[in-house]
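**Student:** Just so you know, we're using the numbering used here here: the sequence shown kicks off at 123 and counts up by one.
Cβ coordinates follow ideal geometry from the N, Cα and C atoms, glycine included.
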Amino acid sequence: MSRSKLRFKALLLDENGNLFLESGEQIRVRVDVVNTGSSPIQNALASLTGTPSVIEQFPSTTLTIPPLQPGETKSLDFAATLPSSLQPQQVEIRVSVTESGGAAARPQALLFIIQPAGAGADDRDQTPAPVSDFHQPQPYVVSIGASVYRDTHIASRPHASRDADMAVNYFQSLTRGVRAFHEPDTDTKHSSIFERLI
Numbered sequence: 123m124s125r126s127k128l129r130f131k132a133l134l135l136d137e138n139g140n141l142f143l144e145s146g147e148q149i150r151v152r153v154d155v156v157n158t159g160s161s162p163i164q165n166a167l168a169s170l171t172g173t174p175s176v177i178e179q180f181p182s183t184t185l186t187i188p189p190l191q192p193g194e195t196k197s198l199d200f201a202a203t204l205p206s207s208l209q210p211q212q213v214e215i216r217v218s219v220t221e222s223g224g225a226a227a228r229p230q231a232l233l234f235i236i237q238p239a240g241a242g243a244d245d246r247d248q249t250p251a252p253v254s255d256f257h258q259p260q261p262y263v264v265s266i267g268a269s270v271y272r273d274t275h276i277a278s279r280p281h282a283s284r285d286a287d288m289a290v291n292y293f294q295s296l297t298r299g300v301r302a303f304h305e306p307d308t309d310t311k312h313s314s315i316f317e318r319l320i
C-alpha cells in the first residue's frame with residue numbers, strides 16, 4: 123500500500139476533562155488531518171477499529187475528510203459513550219486515514235483503561251501509592267502551611283498546616299528519596315516567610 127501525503131494526529135478527549143475514562147462517560151476521538159503534499163486531496167476517509175465493546179458505541183466508525191488543499195488542516199470528531207464496566211477494562215482504538223486510491227497515512231493506536239464509574243473522583247486527601255521503581259535523590263519539597271497572612275484582606279485558611287502535610291506526602295509518594303522541609307503553622311509573628319527558611 124502506497125504512503126499518503128496526508129498526516130494526522132489522533133487525540134482522545136473525555137467529557138469532564140479529568141483524564142480518567144469512566145464507564146458511562148462521553149468521549150471524543152479528535153483527528154487532525156493535514157495535507158503535506160503539493161496537490162489537493164479529495165475523497166479521503168478516517169476510520170476507527172479496535173476493542174469491539176467500545177468501537178460499537180460509536181454511531182459511525184468512518185468519517186469523510188473534507189477536501190484538503192496543500193498545507194491545509196481539517197479536524198474530525200468521533201463521539202461515543204463508554205460502555206458500563208464493573209472492573210477496569212483495557213481498550214485500544216486504532217485510527218487510520220486512507221485515500222480513495224488506496225494510499226494510507228501511518229496509523230495510530232490509542233490505548234487507555236475504562237474505570238468503573240466514580241473511580242476517577244478526585245480525593246485531595248488520598249495519597250497515591252508509592253512508586254517503587256523511580257528514585258531521584260536530587261529534588262526537594264518546601265511545604266509551608268500558613269493559615270494567617272500579614273495582609274488582613276486575605277482570608278485565613280484553618281487547614282493550611284494539614285494541606286501542607288498532604289503536599290509533602292504526595293510528592294514523597296511519587297519520588298523516592300525526595301527531601302522535604304515542612305514549616306508548620308505554629309508561629310505567624312515573623313515578618314516574612316523567607317525569614318523562616320533562612
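Where residue 160 and residue 147 are concerned, what is the direct C-alpha to C-alpha distance, given to the nearest angstrom?
**Tutor:** Stepping through the sequence shown from its first residue, residue 160 is reached at position 38. Stepping through the sequence shown from its first residue, residue 147 is reached at position 25. Looking at the two C-alpha atoms, the distance is approximately 41 Å.
**Student:** According to DSSP, which residues form a beta bridge with residue 199?
**Tutor:** The count along the sequence shown starts at 1 and reaches residue 199 at position 77. Beta-bridge pairing links residue 199 to 152.
**Student:** Who are the Cβ neighbours of residue 311 in its own chain at under 8 Å, not counting the five residues just before and after it?
**Tutor:** If you number the sequence shown from 1, residue 311 lands on position 189. At residue 311 the pLDDT is 49, less than 50, meaning the model places this residue with poor confidence and gives no usable figure here.
**Student:** Is the beta carbon of residue 200 closer than 8 Å to that of residue 143?
**Tutor:** Locating residue 143 in the sequence shown gives position 21, counting from the first residue. Locating residue 200 in the sequence shown gives position 78, counting from the first residue. Cβ atoms of residue 143 and residue 200: not closer than 8 Å.
**Student:** Tell whether a beta-carbon distance below 8 Å holds between residue 124 and residue 204.
**Tutor:** Taking the first residue of the sequence shown as 1, we reach residue 124 at position 2. Taking the first residue of the sequence shown as 1, we reach residue 204 at position 82. No, these two residues do not count as a Cβ contact at 8 Å.
**Student:** Could you tell me the distance, in whole angstroms, from the CA atom of residue 177 to the CA atom of residue 170?
**Tutor:** Counted from its first residue, the sequence shown places residue 177 at position 55. Counted from its first residue, the sequence shown places residue 170 at position 48. Straight-line Cα distance between these residues: approximately 7 Å.
**Student:** Going by beta carbon distance, what residues of the same chain come within less than 8 Å of residue 238, once the five residues before and after it are set aside?
**Tutor:** Your numbering for residue 238 matches position 116 in the sequence shown. Taken in chain order, the residues that qualify are 144, 145, 207, 208, 209 and 210.
**Student:** Could you give the distance in angstroms between the alpha-carbon of residue 136 and the alpha-carbon of residue 180?
**Tutor:** Counted from its first residue, the sequence shown places residue 136 at position 14. Counted from its first residue, the sequence shown places residue 180 at position 58. If you take the alpha carbons of residue 136 and residue 180, they lie about 14 Å apart.
**Student:** Do residue 195 and the ligand NAP come close, with the Cβ less than 7 Å from some heavy atom?
**Tutor:** With respect to the ligand NAP, the structure shown offers nothing to examine, as it has no ligands at all.
**Student:** What did DSSP end up calling residue 291 once you bin it into helix, strand or coil?
**Tutor:** For the purposes of this step, residue 291 is taken as residue 169 along the sequence shown, with counting starting at 1. Residue 291 falls in the helix class under three-state DSSP.
**Student:** Our contact map puts residue 128 next to residue 155 with C-beta atoms below 8 Å; I'd like the distance itself, whole angstroms only.
**Tutor:** The residue labelled residue 128 in the question sits at position 6 within the sequence shown. The residue labelled residue 155 in the question sits at position 33 within the sequence shown. With a Cβ gap of about 6 Å, residue 128 and residue 155 count as contacting.
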